[in-house]
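K.L.:
Pasting in a structure now, in structure tokens, and then I'll have a few things to ask.
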Ligand SMILES: Cc1cc2nc3c(=O)[nH]c(=O)nc-3n(C[C@H](O)[C@H](O)[C@H](O)COP(=O)(O)OP(=O)(O)OC[C@H]3O[C@@H](n4cnc5c(N)ncnc54)[C@H](O)[C@@H]3O)c2cc1C
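Protein chains in written order, with the working numbering: chain A, 60 to 308; chain B, 31 to 352.
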């Protein structure tokens, strides 16, 4: 069984988000780039499955669509424990374009389980995993909070409103994962960092594909009204304000 | 030409969020000067379907095939895609909830339709078709141009008001044939928690953080939530520690919610937490540290010990209910 984890390269979650060129571009000055949090959790789960011989998982590959500048994020994934990596050498212009590229790579390399995060923390699109599956005409399971392999058969937990379901689909499939898939992201140990330097990164040149969307301008959220403080001795006033001023209770 | 809105049902019933979707779809249809068609998949009674008409759906299509009993993303995509082509839909509107996120991207490829995901406002421009969406996990908003012929918009929950109109709707049962080999999802087991107000549906949310100190201190949070008809939530460390169940975790890596009021108790207000709650209409902070960042996000604040403030709040709400 071969697992592919798709990873996106995003600004660290504590980044002070700013824009340049009349708010048309994200300001990358001083930004720390990290593996998208959900992709990091997917990778962690994939490695846990590989660590358990009963699952039959033989390899964990990571794939990324992005220019050479995103290499450090790929190396980080290798340091955490991925066996090898694939990079499609192009700017990830939109979800449709990225998914076209990934689907092409997956067709060539053949994987049994393809894992994608539920969204990337920069563009919050929630689209890549489902699009890959449709391009490849294979099943997808979304809102996946658990993945195990029993008797060679993958079983997925998917979140539904007010509960969860255990489902199975034939391989190959795309699992679009969210919270719960792994407890805490695995971190790279020194040995892993050393080994990552020599692990293979295969570079693919992009195929001809389209983008269907384009970000044209960004804006910061409007500042909210300043906080109105209520005396801790008289919290009843808060209830009155919520009822009569905000009119929300 | 039409705007197609897919309205999910829950055991044959719609929710407020379904009517928000239809209201949104009719406003978009007004902008484009076309009609709104609502699509429901699964077993829903006509009385229930008819309700979609109150928010502007002209035609209500009902597809109830054998293959629709469980959510299979390929089957659902195939049905919506067929209907969209048949009805010449130029815009398709879907909720940005779990089911919507599962289907919309597949539909995008199937129809070669660009997606504006998690929109919270009407399109800002029709030519080029431009939508307004949340980006950088709520740290920014963006205008996004969709340049395909068909457009898909997924609407953030609790972000659009209901607009009632006169109901002139007609209901049509639609027979859509789906290749049975598409159905590949097998559901082995279902676990449902009955009777809990869903966090993503709730108008009021009471949430506790690490400042609550111990899972044994949650009584007043649950009591306050009960009195207000609110859902309960928590910060990530609280669910990581197992003090509260995982489905209460809000924030960047948990649930993203937009209630009318979010009451944060003993929560410091880390960016990753705010990422999940910043679309709330009002944020209330109760925290013993006057410098906690949550007060910068809040409109109402109480600086004080949660264990002393909560009982007084509960008394005040009880007083109000009398
Ligand atoms: C990649 C990544 C993703 C993350 N995603 C999330 C996420 O989705 N959601 C999330 O919540 N966090 C997330 N975090 C963690 C986040 O950074 C914070 O650590 C977390 O939100 C802090 O939780 P807290 O506010 O409950 O605890 P703390 O930061 O410990 O704050 C506790 C607060 O309680 C107050 N307090 C203490 N005693 C009392 C008292 N008696 N009465 C009143 N107030 C009191 C303190 O003043 C303090 O402000 C993420 C972190 C990373 C790196």
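From the three backbone atoms N, C-alpha and C, an ideal C-beta is built for every residue, glycine too.
Output, in chain order, the set of chain A residues within a Cβ distance shorter than 7 Å of residue 284 (chain B).
P.N.:
Here the neighbours are 238.
K.L.:
If distances are taken between C-alpha atoms only, which option among B:181, B:41, B:56, B:93 comes closest to residue 196 (chain B)?
P.N.:
The candidate whose alpha carbon is nearest that of residue 196 (chain B) is B:56.
K.L.:
May I ask which residues mark the beginning and end of the alpha helix (DSSP H) holding residue 89 (chain B)?
P.N.:
Counting along the chain, residue 89 (chain B) falls outside any alpha helix (DSSP H), though it belongs to the beta strand (DSSP E) covering 89 to 93.
K.L.:
Judging by CA-CA distance, which residue of B:289, B:258, B:135 is the nearest neighbour of residue 343 (chain B)?
P.N.:
For residue 343 (chain B), the nearest C-alpha among the options comes from B:258.
K.L.:
Does the beta carbon of residue 344 (chain B) fall short of 6 Å from some heavy atom of ligand 2?
P.N.:
Summarising the ligand content, the structure contains ligand 1 and does not contain ligand 2.
K.L.:
As a quick check of your reading: which residues have a C-beta less than 5 Å from at least one non-hydrogen atom of ligand 1, in chain order?
P.N.:
Ordered along the chain, the selected set is A:72, A:96, B:239, B:240, B:241, B:265, B:266, B:267, B:281, B:282, B:283, B:284, B:296, B:297, B:298, B:300, B:302, B:303, B:317, B:318, B:319, B:322, B:335, B:336.
K.L.:
Using CA coordinates, which residue listed in A:64, A:218, A:155, A:277 is at the minimum distance from residue 144 (chain A)?
P.N.:
Comparing Cα-Cα distances from residue 144 (chain A) to each of A:64, A:218, A:155, A:277, the minimum goes to A:64.
K.L.:
According to a CB-to-CB cut-off of less than 8 Å, which residues of the stretch 143 to 161 of chain B neighbour chain A?
P.N.:
Those would be 143, 144, 145, 146, 147, 148, 160, in chain order.
K.L.:
Would you mind sorting residue 253 (chain A) into buried or exposed? The rule is 16 or more other CB atoms within 10 Å of its CB.
P.N.:
Residue 253 (chain A) should be labelled exposed.
K.L.:
Apply the 10 Å Cβ neighbour rule to residue 140 (chain B) and answer buried if 16 or more other Cβ atoms are within range, or exposed otherwise.
P.N.:
Buried: at least 16 other Cβ atoms inside 10 Å.
K.L.:
Could you work out which residues of chain B lie near residue 130 (chain A), taking near to mean beta carbons separated by less than 9 Å?
P.N.:
Within 9 Å Cβ-Cβ: nothing; residue 130 (chain A) doesn't reach chain B, min ~23 Å.
K.L.:
Assuming residue 252 (chain B) is part of the alpha helix (DSSP H), what are its boundary residues?
P.N.:
Looking at the DSSP string, the run of the alpha helix (DSSP H) that includes residue 252 (chain B) is 249 to 258.
K.L.:
Rounded to whole angstroms, what is the Cα-Cα separation between residue 98 (chain A) and residue 348 (chain B)?
P.N.:
Cα-Cα distance, rounded: 46 Å.
K.L.:
Please report the distance separating the alpha-carbon of residue 198 (chain A) from that of residue 314 (chain B).
P.N.:
The straight-line gap from Cα to Cα measures roughly 43 Å.
K.L.:
Suppose contacts are defined by Cβ-Cβ distances below 7 Å. Is residue 82 (chain A) in contact with residue 276 (chain A) by that definition?
P.N.:
Yes. Within cutoff.
K.L.:
Select from the stretch 318 to 346 of chain B all residues with a C-beta closer than 8 Å to any C-beta belonging to chain A, and list them in chain order.
P.N.:
Listed in sequence order: 325, 326, 327, 328, 329, 330, 331, 332, 333, 334, 335, 338, 339, 342, 343, 345, 346.
K.L.:
Out of B:109, B:163, B:268, which one is the CA nearest neighbour of residue 137 (chain B)?
P.N.:
Residue B:109 is the option with its Cα nearest to residue 137 (chain B).
K.L.:
Is the CB of residue 95 (chain A) under 7 Å away from at least one CB in chain C?
P.N.:
Although the question refers to chain C, the structure presented lacks it and instead comprises the protein chains A and B.
K.L.:
If you follow the alpha helix (DSSP H) that residue 238 (chain B) is in, where does it begin and where does it stop?
P.N.:
Taken as a continuous stretch (DSSP letters only), residue 238 (chain B) belongs to no alpha helix (DSSP H), being part of the beta strand (DSSP E) at 234 to 238.
K.L.:
Taking 8 Å as the limit between beta carbons, can you name the residues of its chain near residue 200 (chain A), skipping five residues before and five after?
P.N.:
So the list reads 215, 217, 226, 228, 232, 233, 234, 235, once near-sequence residues are dropped.
K.L.:
Within its chain, find whatever has a CB closer than 7 Å to the CB of residue 290 (chain B); leave out the 5 residues flanking it on each side and keep chain order.
P.N.:
So the qualifying residues of the chain are 233, 234, 311, 312.
K.L.:
Are any of the Cβ atoms in chain B nearer than 7 Å to that of residue 244 (chain A)?
P.N.:
No, its Cβ sits nowhere closer than 7 Å to a Cβ of chain B.
K.L.:
Quick one, which residues of the stretch 215 to 246 of chain B are near chain A if we go by CB-CB under 7 Å, in chain order?
P.N.:
Here the close residues are 215, 216, 217, 218, 219, 220, 221, 222, 223, 226, 228, 234.
K.L.:
From this set, B:173, B:231, B:346, which residue's C-alpha is nearest residue 189 (chain B)'s C-alpha?
P.N.:
For residue 189 (chain B), the nearest C-alpha among the options comes from B:231.
K.L.:
With 7 Å as the C-beta to C-beta threshold (strictly closer), list the residues of the stretch 170 to 185 of chain B near chain A in chain order.
P.N.:
Here the close residues are 170, 171, 172, 173, 174, 175, 176, 177, 178.
K.L.:
Do residue 251 (chain B) and residue 238 (chain B) have their C-beta atoms closer together than 7 Å?
P.N.:
Yes, Cβ-Cβ distance for residue 251 (chain B) and residue 238 (chain B) is below 7 Å.
K.L.:
Please classify residue 174 (chain A): does DSSP put it in a helix, a strand, or coil?
P.N.:
In the structure shown, residue 174 (chain A) sits in a strand (DSSP, three-state: E or B).
K.L.:
Have a look at the DSSP bridge pairing and note the partners of residue 222 (chain A).
P.N.:
In DSSP, residue 222 (chain A) forms a bridge with A:219, B:222.
K.L.:
Residues of the stretch 278 to 296 of chain A in Cβ contact with chain B at a cutoff of 7 Å, in chain order, please.
P.N.:
Cβ contacts with chain B come from 278, 279, 280, 283, 284, 286, 287, 288, 289, 291, 294, 295.
K.L.:
Mind reading off the beta-carbon distance from residue 122 (chain A) to residue 161 (chain A)? Whole number of angstroms is fine, and I expect it under 8 Å.
P.N.:
With 8 Å as the limit, residue 122 (chain A) and residue 161 (chain A) qualify as a contact, their Cβ atoms being about 6 Å apart.
K.L.:
Take residue 251 (chain A) and list the residues in its own chain whose beta-carbon comes closer than 7 Å to its own, dropping the five residues that flank it on each side.
P.N.:
Excluding positions up to five away in sequence, the list reads 138, 139, 140.
K.L.:
Do residue 69 (chain A) and residue 95 (chain A) count as a contact pair if the criterion is CB distance below 7 Å?
P.N.:
Yes, these two residues count as a Cβ contact at 7 Å.
K.L.:
By the three-class DSSP mapping on this structure, what secondary structure does residue 202 (chain B) have?
P.N.:
In this structure, residue 202 (chain B) counts as strand in the three-state DSSP scheme.
K.L.:
With distances taken Cα to Cα, identify the nearest neighbour of residue 240 (chain A) among A:76, A:207, A:247, A:220.
P.N.:
Residue A:207 is the option with its Cα nearest to residue 240 (chain A).
K.L.:
With DSSP as the reference, label residue 269 (chain B) as helix, strand or coil.
P.N.:
Reduced to three states, the DSSP call for residue 269 (chain B) is helix.
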